[in-house]
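*Asks:*
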Amino acid sequence: MRDWWDYSWNLAVGCSKVSTECVNCWAEAMAKRLRAMGREEYQDVVNDHGFWTKRVTLVPERLGDPLRLKKPRVIAVNLMGDLFHPNVPYTFVADVFEVMAQTRQHVYLILTKRPERMLAFWNLTLAEDWGISHEPMSHVWLGTSAGNQAGADERRDSMWGLARMGWNTWVSAEPRIGEIDWSGWEFLKWMATGGESGPKARAMDPNWARSDLAWCREHDVKFMFKQWGEYLPLDHLKVGERTTFKHRPVEVNGMVMVKVGKARAGHMLDGQVYRWHPNVADGG
Ligand code: SF4
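Every letter in the sequence shown is one number past the one before it in the numbering used here, and letter 100, counting from 1, is 100.
(1) Give the straight-line distance between the Cα atoms of Gly-283 and Met-204, rounded to the nearest whole angstrom.
(2) State the start and end residues of the unbroken alpha helix (DSSP H) segment that holds Val-99.
(3) Using 8 Å as the cut-off, can you tell me whether the segment 73 to 87 makes contact with the segment 250 to 262, which would need three or more C-beta pairs spanning the two stretches below that distance?
(4) When you compare the segment 137 to 153 with the segment 103 to 116, are there three or more beta-carbon pairs, one atom per stretch, that lie closer than 8 Å?
(5) Taking 6 Å as the limit between beta carbons, can you name the residues of its chain near Leu-162, skipping five residues before and five after?
(6) Please tell me whether, using a cut-off of 7 Å, the distance from the CB of Ala-152 to the nearest non-hydrogen atom of the ligand SF4 is below it.
(7) Taking C-alpha atoms, which residue in Ala-31, Arg-68 and Lys-17 lies nearest to Tyr-7?
(8) Excluding five sequence neighbours on each side, which residues of the same chain lie with their C-beta closer than 8 Å to the C-beta of Ser-16?
(9) Return the chain-ordered ranges of every beta strand (DSSP E) run that is complete within the segment 177 to 257 and spans a minimum of 3 residues.
(10) How big is the Cα-Cα spacing for Gly-358 and Glu-196?
(11) Answer yes or no: the CB of Asp-82 versus the heavy atoms of the ligand SF4, is any distance below 7 Å?
(12) At which residues does the beta strand (DSSP E) containing Thr-144 begin and terminate?
(13) Quick check: the segment 228 to 245 against the segment 259 to 273, are there 3 or more CB pairs under 8 Å?
(14) For a test of your reading of the model: does the CB of Trp-52 fall under 7 Å from any non-hydrogen atom of the ligand SF4? Yes or no.
(15) Any chance the CB of Ala-192 is under 7 Å from a heavy atom of the ligand SF4?
(16) Report the three-state DSSP secondary structure of Trp-4 (helix, strand or coil).
(17) For Glu-41, which residues of its own chain have a beta-carbon under 7 Å away from its beta-carbon, when the five flanking residues on both sides are left out?
(18) Is it true that the CB of Leu-111 sits closer than 8 Å to the CB of Ser-145?
(19) So what does DSSP say about Gln-43, is it helix, strand or coil?
(20) Take every Cβ of the segment 116 to 131, pair it with every Cβ of the segment 23 to 43, and state whether three or more of those distances are shorter than 8 Å.
(21) Please state whether the Cβ-Cβ distance between Val-221 and Lys-200 is less than 8 Å.
(22) Determine the direct distance from the alpha carbon of Phe-97 to that of Thr-125, and round the result to whole angstroms.
(23) Please report how far the alpha carbon of Pro-233 lies from the alpha carbon of Pro-206, in whole angstroms.
Given below as structure tokens:
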């Protein structure tokens with residue numbers, strides 16, 4: 001269990017990469033492991049080399065999971081893929097939203113790198129009678145991820161369209177691999193910033209996280225500093241004359257970053273913890 005969501009609801013597993021932010025996809029690595037463990041829904045979505053095949057396996061038998069949960073939960077929707085991947089039919093997405101509409105005791109966190117399809121889905125449901133409510137649901141948070149300026153620029157207009165419809169919108173600025181000017185994103189309700197993890201992780205300039213925090217404060221957007229990832233700034237470490245590092249430190253924009261591992265790097269930014277996230281008390 002994570003400290004900001006407590007149920008993972010995977011309904012459409014598998015994906016394909018859309019940008020440099022996807023290079024070290026966490027879900028792809030996890031799918032490789034689950035395939036090796038014999039999990040049926042993962043057999044076709046990654047190949048023998050552990051790469052996405054671009055196939056998506058729908059798991060309709062999990063649609064009813066939230067109805068069976070006794071306690072209200074913060075539910076991460078489809079971490080093992082992208083609910084708005086082109087291979088996920090909109091009729092299936094409608095089924096997912098129907099379940100969310102029936103379970104307002106939970107909070108749902110949705111994240112996609114294809115927000116244009118998320119916006120198109122809602123435009124379609126408005127144009128046609130799909131049998132689901134057109135009203136934005138306050139317990140459902142629609143998010144996109146953006147790790148660099150190109151990703152942010154590409155996805156902003158769609159997210160703005162969803163915010164104008166009245167949805168709670170958020171951004172996961174992770175894996176953070178570049179500077180981002182967030183001008184034009186003032187409609188957001190929440191930003192979660194984080195560095196990359198995994199064996200090939202790229203280091204994050206700490207000033208990117210600092211400027212996200214400052215921007216969120218200025219625009220009254222809730223902020224989470226999710227994690228440093230594998231690298232921690234040298235100035236966050238206690239270093240003596242005899243300190244040696246297992247890995248050679250790297251420089252990002254003149255900032256020295258040391259690979260200490262995700263667990264040790266943690267999620268403290270300049271001595272503070274920033275962990276705001278939607279929870280069952282605010283969501284329903
Ligand atoms: S969109 Fe997400 S799940 Fe799909 S490849 Fe990129 S990082 Fe992985």
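All C-beta atoms, glycine included, are put in the ideal place defined by N, C-alpha and C.
*Replies:* So, from the data block:
(1) Unreliable placement is indicated for Gly-283, whose pLDDT of 49 sits below 50; the coordinate value is still reported in the next sentence. So the two alpha carbons sit approximately 31 Å from each other.
(2) 90 to 102
(3) no
(4) yes
(5) Leu-119, Leu-142 and Thr-169
(6) no
(7) Arg-68
(8) Trp-52, Lys-54 and His-85
(9) 190 to 194, 222 to 227, 231 to 233 and 250 to 252
(10) Examination of residue 358 is not possible in this model, given that the chain is present from 1 through 284 alone.
(11) yes
(12) 140 to 145
(13) yes
(14) yes
(15) no
(16) coil
(17) Val-13, Thr-57 and Val-59
(18) yes
(19) coil
(20) no
(21) no
(22) 11 Å
(23) 7 Å
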